[in-house]
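>
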Amino acid sequence: MRNLLRYYANNFLQYMAVVVVFVALVILGSRYTPLSLFESYSYMMPSLGLWLAPLTMAGCRATTSLPIYFGVRRRNTFIGIQIMAVAMVLCTLALAAVGMACIKMWTTDYSVDLGPEGLPVLLAASLAMTELALLAQYVPNGGKQRTASIMLVLIMIVFAASITLGVIKAVGFPIPLFPVSVLRPGWGVFTAVCALAAVGGVALTWHYYRKAVIRL
Amino acid sequence: MTNNISMPAPQALQAAKLCKNYGKQTVLKDLDLTFEPGLIYGLIGRNGAGKTTLLGILSGQNFATGGQALYGGQPVWENSAVLSNLHFARELSASSELATLSVKRFLQAGKMFCPCWNQSFAEELVQKFELPMKKMINRLSRGQMSMVSITAALASRAPVTLLDEPTAGLDVVARERFYRILLEEYQRTGRTFVISTHIIEEAASVFEKVVILDEGKVVADQDTEDLVGQFRYISGPAALLDSALADRGVTPLQTQVLGGHKMVAVRGSEELFDELAAEDGLTVEGMNLQNVFVALCGHGDEEG
Numbered sequence: 068m069r070n071l072l073r074y075y076a077n078n079f080l081q082y083m084a085v086v087v088v089f090v091a092l093v094i095l096g097s098r099y100t101p102l103s104l105f106e107s108y109s110y111m112m113p114s115l116g117l118w119l120a121p122l123t124m125a126g127c128r129a130t131t132s133l134p135i136y137f138g139v140r141r142r143n144t145f146i147g148i149q150i151m152a153v154a155m156v157l158c159t160l161a162l163a164a165v166g167m168a169c170i171k172m173w174t175t176d177y178s179v180d181l182g183p184e185g186l187p188v189l190l191a192a193s194l195a196m197t198e199l200a201l202l203a204q205y206v207p208n209g210g211k212q213r214t215a216s217i218m219l220v221l222i223m224i225v226f227a228a229s230i231t232l233g234v235i236k237a238v239g240f241p242i243p244l245f246p247v248s249v250l251r252p253g254w255g256v257f258t259a260v261c262a263l264a265a266v267g268g269v270a271l272t273w274h275y276y277r278k279a280v281i282r283l
Numbered sequence: 008m009t010n011n012i013s014m015p016a017p018q019a020l021q022a023a024k025l026c027k028n029y030g031k032q033t034v035l036k037d038l039d040l041t042f043e044p045g046l047i048y049g050l051i052g053r054n055g056a057g058k059t060t061l062l063g064i065l066s067g068q069n070f071a072t073g074g075q076a077l078y079g080g081q082p083v084w085e086n087s088a089v090l091s092n093l094h095f096a097r098e099l100s101a102s103s104e105l106a107t108l109s110v111k112r113f114l115q116a117g118k119m120f121c122p123c124w125n126q127s128f129a130e131e132l133v134q135k136f137e138l139p140m141k142k143m144i145n146r147l148s149r150g151q152m153s154m155v156s157i158t159a160a161l162a163s164r165a166p167v168t169l170l171d172e173p174t175a176g177l178d179v180v181a182r183e184r185f186y187r188i189l190l191e192e193y194q195r196t197g198r199t200f201v202i203s204t205h206i207i208e209e210a211a212s213v214f215e216k217v218v219i220l221d222e223g224k225v226v227a228d229q230d231t232e233d234l235v236g237q238f239r240y241i242s243g244p245a246a247l248l249d250s251a252l253a254d255r256g257v258t259p260l261q262t263q264v265l266g267g268h269k270m271v272a273v274r275g276s277e278e279l280f281d282e283l284a285a286e287d288g289l290t291v292e293g294m295n296l297q298n299v300f301v302a303l304c305g306h307g308d309e310e311g
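Protein chains in written order, with the numbering used here: chain A, 68 to 283; chain B, 8 to 311.
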């Protein structure tokens, strides 16, 4: 298990390096350049976990299959993947929060406000997306399952896009949506649904992963 | 054979009443088979015979619909103690899934997870095969991909190593080199090797025992020489040959007819072959492993 954790830690660090560079670029870009591109990305910052972690997980089948190819138990491999997924989401959100704080410190008209009550909402949504991304890879290749898999990916994209738009105040969404807080009834229900989707995703992924044929 | 390398002694790998279905298609049917330790096995069969599926299940990389795989009497499935003794090197594909994996990273994973991994041997093989370590696997040629999986398989020093089409895409020089390295490794370690291949004649001299799969069932499992010794081509005038076979109650496995001349593949004993050779007008010729395979799995294909 130690080697497995080391293996996933390497993958995690590579992912984190990308996130750190991205956040740093956005912070520096919005501080020192007048480019609207960086401003747009700075408003997307809260939803970073919704995109980066699921996108990485969506292309990691070889990474997740490799330990099994070399004789590691599926159960251990699966636990390793889950630890990595949760760590990726948590660290991405933490970095996003740091990034937003930095931008706010330096830019007077940055109006995104994500308090501690908003983080559980994004955490649940990001975990749900990450688990669905993993699930999409292990859905078997039958005709119906392939359609389901494509639908799943489409739903994920629409879902992530909706939440991203939802948390960008700049697009002028109605006031009742803000602030994003788990303590507001609408967001509370949303968080609960996402958490359930994440748990369901874990269970379904394990169901398929347990019997998946390992191909590299 | 000498065993001077530090690794657990190989044990018997067994398929016990294995079944595998993919949807409605049955690939393996109640398959019973034992790979004895310390031998080189050839696993041959036609496309779709179930070779890769069998090797996948035996190594825990595929799930059996029924029955189980056992190693030293213990179940293989999700058994860490057993899985660390097995390595299944399958043909790598240039799918996008491998886009993120370089040769170096692939072999590093082997080093990390295979308890008997021999790094200096891995480096030696990388040099011998001239593998580009920094290249992504899906950018390699088919032959180079085979070399990567061969390198991992041999360097894993797993007591039981299963190789699925290891020579796919290799040129004749590389194939010869592979078999030479394999035999040297076998001499050094006494590991069990199970090699599935379609290039039968080239590998026949390497196999100590051969297992032939046909439509998900084992149709032969014995010493290569003994198996080949049980088959002969008998040829001669069609009428004479037919009556000679009918008199002895022999059913030909494969028939080729050219005008009034006929040649059949027959399975039998030395006595039978001596009797047929003694008949005027009949010729008895030996077969090689490839001919035996065609006779057993060709389902009586008649060629004119």
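Note that CB positions come from ideal geometry on N, CA and C, so glycine has one too. Keep in mind the model is a prediction, meaning the values are calculated, not measured.
1. I need the straight-line Cα distance from residue 57 of chain B to residue 117 of chain A, nearest angstrom please.
2. List, in order along the chain, the chain B residues whose C-beta lies closer than 7 Å to that of residue 281 of chain A?
3. Determine contact between the stretch 198–205 of chain A and the stretch 272–283 of chain A, defined as no fewer than three beta-carbon pairs at a distance below 8 Å.
4. Assuming residue 150 of chain B and residue 177 of chain B are in contact, meaning their beta carbons sit under 8 Å apart, how far apart are those beta carbons, in whole angstroms?
5. If we ignore side chains and look at the alpha-carbon of each, how far apart do residue 140 of chain A and residue 71 of chain A end up?
6. Mind checking which residues open and close the alpha helix (DSSP H) that includes residue 28 of chain B?
7. Residue ranges of each alpha helix (DSSP H) run of no fewer than 4 residues wholly in the stretch 85–155 of chain B, ordered along the chain?
8. Can you give the Cα-Cα distance for residue 145 of chain B and residue 278 of chain B, rounded to whole angstroms?
9. Just to make sure I have the definition right: I need the residues of chain B whose C-beta is within less than 7 Å of the C-beta of residue 278 of chain A. Which are they?
10. So, does the stretch 63–79 of chain B touch the stretch 45–55 of chain B, judging by three or more C-beta pairs under 8 Å?
11. I'd like the span of the beta strand (DSSP E) that includes residue 155 of chain A, first residue to last.
12. If I'm right that residue 79 of chain A touches residue 172 of chain A with Cβ under 8 Å, what's the distance once you round it to whole angstroms?
13. Identify each residue in the stretch 105–137 of chain B for which the Cβ-Cβ distance to at least one residue of chain A is less than 7 Å, and report them in chain order.
14. By a C-beta neighbour count over all protein chains shown, 10 Å radius and 16 as the cutoff for buried, is residue 137 of chain B buried or exposed?
15. In angstroms, rounded to a whole number, what distance separates the CA positions of residue 60 of chain B and residue 263 of chain A?
16. What separation, rounded to the nearest whole angstrom, lies between the Cα atoms of residue 201 of chain B and residue 169 of chain B?
17. Assuming contact is defined by CB atoms lying nearer than 8 Å, are residue 255 of chain B and residue 294 of chain B in contact in what I supplied?
18. Relative to the ligand SAM, is the shortest distance from any of its heavy atoms to the C-beta of residue 76 of chain A smaller than 7 Å?
19. Leaving out five residues on either side along the sequence, give the residues of the same chain with a beta carbon under 7 Å from the beta carbon of residue 149 of chain A.
20. By the criterion of Cβ-Cβ separation under 7 Å, what are the contact partners of residue 2 of chain B in chain A?
21. Starting from residue 51 of chain B, trace the beta strand (DSSP E) in both directions and tell me its first and last residue.
22. By alpha-carbon positions, which one of B:49, B:237 and B:286 ends up nearest to residue 208 of chain B?
23. Is there a Cβ of chain A sitting closer than 8 Å to that of residue 176 of chain B, yes or no?
24. In whole angstroms, what separates the C-alpha of residue 242 of chain B from that of residue 203 of chain B?
25. Taking Cβ positions only, does residue 203 of chain B come closer than 8 Å to chain A?
26. What's the C-alpha gap between residue 234 of chain B and residue 219 of chain B?
27. Where does residue 133 of chain A sit, in a helix, a strand or coil, going by DSSP?
28. Return the chain-ordered list of same chain residues with a C-beta closer than 6 Å to the C-beta of residue 123 of chain A, the five sequence neighbours on each side being excluded.
29. Residue 99 of chain B touches chain A at which residues, Cβ-Cβ below 7 Å?
30. Work out the CA separation of residue 134 of chain A and residue 94 of chain B for me, nearest whole Å.
31. Comparing the C-beta of residue 87 of chain B with each C-beta of chain A, is any distance below 8 Å?
32. At what residues does the alpha helix (DSSP H) containing residue 194 of chain B begin and finish?
33. Considering only residues of the same chain and omitting the five flanking positions on each side of residue 9 of chain B, which have a CB-CB separation below 6 Å?
34. Can you give me the C-alpha to C-alpha distance between residue 29 of chain B and residue 225 of chain B, rounded to a whole angstrom?
35. Can you round the beta-carbon distance between residue 275 of chain B and residue 237 of chain B to whole angstroms, since I take them to be within the 8 Å contact cut?
36. Since residue 90 of chain B meets chain A, which of its residues come closer than 8 Å, beta carbon to beta carbon?
On the basis of the supplied data:
1. Approximately 42 Å between the Cα atoms of the pair.
2. Scanning chain B for C-beta atoms nearer than 7 Å to the C-beta of residue 281 of chain A yields 68, reported in chain order.
3. yes
4. 5 Å
5. 10 Å
6. Segment 20–29 is the beta strand (DSSP E) holding residue 28 of chain B; no alpha helix (DSSP H) there.
7. 87–90, 110–120 and 126–135
8. Taking the straight line from one Cα to the other gives about 55 Å.
9. 70
10. no
11. Counting along the chain, residue 155 of chain A falls outside any beta strand (DSSP E), though it belongs to the alpha helix (DSSP H) covering 141–173.
12. Rounded, the Cβ-Cβ distance is 28 Å, inconsistent with contact.
13. 105, 107, 108, 116, 117, 119, 120 and 121
14. exposed
15. 36 Å
16. 5 Å
17. No, the pair does not count as a contact, with Cβ atoms beyond the cut-off.
18. Inclusion of the ligand SAM in the displayed structure is not the case, the ligand content being empty and no account of it being possible.
19. Annotation for residue 149 of chain A: 269 place their beta carbon closer than 7 Å to its own, counting only its chain and skipping 5 residues before and after.
20. Nothing about residue 2 of chain B can be read from this structure; chain B reaches only from 8 to 311.
21. 47–52
22. Closest in C-alpha terms to residue 208 of chain B, from the list B:49, B:237 and B:286, comes B:49.
23. no
24. 32 Å
25. no
26. 11 Å
27. helix
28. 82
29. 283
30. For residue 94 of chain B and residue 134 of chain A, the distance between alpha carbons rounds to 12 Å.
31. yes
32. 179–196
33. Caution applies to residue 9 of chain B, whose pLDDT of 43 falls short of 50 and renders its modelled position unreliable; the value that the coordinates give is listed next. Excluding sequence neighbours, residue 9 of chain B sits near nothing in its chain.
34. 19 Å
35. 7 Å
36. Listed along the chain, the chain A residues whose CB falls inside 8 Å of the CB of residue 90 of chain B are 138, 139 and 140.
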